[in-house]
Each structure stands twice: as C-alpha cells, then as structure tokens.
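Undergrad:
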Amino acid sequence: MKLVRPAPLPVVVATLLAILVLVDGLGFLSFRGITNPTVEEVPQIGLESVNYTPNGNGTVSVAAQIGADSLGGTVSAVVGADETIPASVLIYYDPVYPMVSASVGFASSLQFLIPQSAVQRGVPVPTATVISATLLENVLKDPIRKPGSTVLVLGTGVLPALVFNNTTNLITPWIESGGIVAWAGLAPGWVEAGPNQTLSQAVSSSLQWEGQLQLLGYPLVNPASPAANGQQPNESSPASAFAEAMDIPSLLSSSPISTANVTSVQSAGGSVLGHYTGGTSNQTDLVFQPMGEGGFLYLSAGLQSFLQQTEFTWVLMQTLFTGVAPTQKFIASASFVSPSLGEASADLVFTSPVAANYTLFAFLEPTISAILYRLAFVFATFPLNVE
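The following block contains the structure:
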C-alpha cells in the first residue's frame, strides 16, 4: 500500500509536550516510546484510490478509499466543498485595553500553536502576527484582496472603541469583503473600551446586547439566556455532523461564557459546527456565520488557560485549515479503526455535481489518545477533482 507520508512531529512540539505533561503532574508520556519520532516511525494515512461513476443526471458518485498504516488508532475522513486555507492569522491583543475572557499570555501562545499545528497537518504554514488596537484599525480599513486568506482572532472579549462603538463599525465591512473573524468568549460586541479604561468603566458605556446586532445583524447569543440557564454542552451532548466528523470537542475544559441560540443561527443561514444542549432553549458552543465573501466563527469558550488556548487552536485548524468548508456544503464523512499493527482501509462514498471540486481531509487519532493536547494526531489533505 503506497501512502502519503506526513511531516514528522517537530522536535519543539515533542519537547513542549513533555514539559506540559510534567507541569500538569500527569507523568511523562512518550510517543509509543519514541521521544523524537522520524518520518519512518510516525503513523501514516493516505488516499489509496478515487473512483468516479457518472449518474447521467448531472451528478457523479465518488468512492474514495482511505488507508492507514499505523500503530493503532481511529482514522476519520471528511469530504467537503473546497475552501481557501488562510495564509495569515492576525491575533488582536493590546495591553492598554481591558480583557474579560483571555489571559495576558494568550496571544503569544496562539502565535506559537497555530503555525505548529499547520506544520503537523502538512498544510501551508500561515503567518501568525499579534497586532495592537492601532494596527487592528489599519487592517480593518484595508479590504481583503483574496477572500478567506486572512483570519482575525478576537479573543479578549473586549473590542477597542477605535474600531467598534455605537457610531463606528469597521469589522462587519471587513468580513463582508472576505475576512474571517474567529471570536472567543463573551457575546460578540458586548463590551467596547478605550485605552486605559477599566473593565467596569467600559461595560457601563458599551453597546452590550446591541453589539451583536450591529456586528452580525441578529442576536447570536440570547440576551435572556447567555449560558442557556445552565444547559451547557458537555461531552455527552449531541454533536453536529461536522463536530462528529472533525472530532470537535465540546469546548468545556471550563464552562462557556456564553452559548449561541441554535434557532437564531439557523434562521440567519449560519452553520452549527459544535455540540447542542437540546431542550427548549437549544444552544450550541460553535457556529460559523457566512457574511458576504467572508465569515464569523464563534466559539463559546474563553482563552484564559493554556488548555483552552490549545483547544481553540484545534477548533480553528479543524474548521478553517483543512480545505473543507465549515458550511452547509459539508458532504460526507467516515471513520474506521486501524489495528495496532498492520494496514486498514475504508471507503467514503458521496454524490457530487459533475465538475465540482472538493477536498478530502483525513486524520488519525492514535490509540494512545491520552497524549496531551492532541499533539500526536496525524493529518493528510487531498484535493478531489470530480470530472
């Protein structure tokens, strides 16, 4: 079986893994005894074959066979509409502005984690840049030249009034021109602040619940029930098809600050990518809202701890850096268990319009899934040109 070999885990990531495990008091865990795995030692996944069968009605049936040669684990494969993989990630952080849902070091953590995750996946490595409020203003005044190429992380829970207030909104036009915002924490637009303001001062003069209406045009977070009155998603909560296929966690390393209303999201044409609370006040913890040429990715968890920052990175990469569009154009998924030694394969079958382009994204979770922070996952991405 000929397989595509993924890039080896970077030495710096393996070192970080050891440090993190020791710090957390869990004891040192090695990668199946391999401290610095080489390309020959890392598990492999690959695309073995793709077959196309015309249906005579403008559609074609596609059967893609995914193989694994591994040390054991679960292989998941997803096919979806082609999506631009962003080339740049901008992380807003300015120490003279207050924060409510992130730690002081969150921006530096993401600046490290995001490129390393791209290396692990074998996708083009984006630049990750931390920008101040002034630079944020400059970025938002410059329309996107290639839709989907830039992700702006807004994770402090507080927007600088320089770019968003009751008379100014530079964010929505930037998104509509093709930018992607990844938001973590409070309800979007709930707090706006000036430099050197305290959080309490900022809240008293902010748009609060009206902010999300200006940003998105609808109440993503229900003002009467920002955290679903305790009906929070958890590990046993129903998962969306996307979350199930892409191994999206429920974002509950700690309780979410707020959750999104499923009915509101679906009525506005958004996609639920996370887990559901169910019940009469059905909420979710992960949403992608298309807006013009761009989109708004909402995550309910904050960025206070390194674990939350790592989960955020995982979700960001699984939704925006796989080539699979995080929208309703999501096509099909399958998974299978690879034996502890040897080879295994499975078929992923779907129907597509003729001449449509899709991406197949596959990843392997080793049996040693207790390895911290998912650093041992192996990934592969393949374009599927359906003709």
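Going by the working numbering, the sequence shown wraps up at 390, each residue one higher than the last. We put the CB at the ideal spot given by N, CA and C, even for glycine.
Given that a residue counts as buried once 16 or more other Cβ atoms are within 10 Å of its Cβ, and exposed if not, what is Ser-336?
TA: Classification for Ser-336: buried.
Undergrad: Is the beta carbon of Ser-355 less than 7 Å from the beta carbon of Val-327?
TA: The answer is no: Cβ separation not under 7 Å.
Undergrad: With a cut-off of 8 Å, do at least 3 Cβ pairs link the region 52-66 to the region 86-103?
TA: Contact fails: fewer than three Cβ-Cβ distances are below 8 Å.
Undergrad: Return the CA-CA distance between Asn-199 and Leu-139, expressed in angstroms with no decimal places.
TA: Straight-line Cα distance between these residues: approximately 17 Å.
Undergrad: Using the C-alpha atoms, what's the distance from Leu-302 back to Ile-48?
TA: So the alpha carbons of these two residues sit roughly 29 Å apart.
Undergrad: In or out: Val-107 buried (at least 16 other Cβ within 10 Å) or exposed?
TA: Flag for Val-107 reads exposed.
Undergrad: In three-state terms, what does DSSP make of Glu-195?
TA: Note: Glu-195 maps to strand in three-state DSSP.
Undergrad: Are there 16 or more other CB atoms within 10 angstroms of the CB of Ser-207, so buried, or fewer, so exposed?
TA: That one is exposed.
Undergrad: Going by C-alpha distance, which of Ala-244, Leu-93, Gly-298 is nearest Thr-87?
TA: Measuring from the Cα of Thr-87, the nearest candidate turns out to be Gly-298.
Undergrad: Using the C-alpha atoms, what's the distance from Ile-134 back to Gln-217?
TA: C-alpha separation (whole angstroms): 23 Å.
Undergrad: Please list the terminal residues of the continuous beta strand (DSSP E) segment that includes Asn-360.
TA: From DSSP, the beta strand (DSSP E) with Asn-360 extends over 360-369.
Undergrad: Could you name each continuous alpha helix (DSSP H) segment of 4 residues or more that falls completely within the region 74-132, going from the start of the chain to the end?
TA: For the region 74-132, whole alpha helix (DSSP H) runs of length 4 or above, ordered along the chain, are 109-124.
Undergrad: Using a Cβ-Cβ cutoff of less than 6 Å, which residues in the same chain neighbour Ser-274 once the five nearest sequence positions on both sides are dropped?
TA: Only Phe-291, Thr-330, Gln-331 meet the Cβ criterion.
Undergrad: Tell me which residues share the same chain as Asn-168 and place their Cβ nearer than 8 Å to its Cβ, disregarding the 5 neighbours each side in the sequence.
TA: For Asn-168, where only same-chain residues beyond five positions count, the Cβ hits under 8 Å are Glu-195, Leu-210.
Undergrad: Our contact map puts Asp-85 next to Thr-322 with C-beta atoms below 8 Å; I'd like the distance itself, whole angstroms only.
TA: So it is not a contact: roughly 15 Å between Cβ atoms.
Undergrad: Strictly by DSSP, which residues pair up with Pro-356?
TA: In the DSSP output, where bridge partners are listed per residue, Pro-356 has Thr-62.
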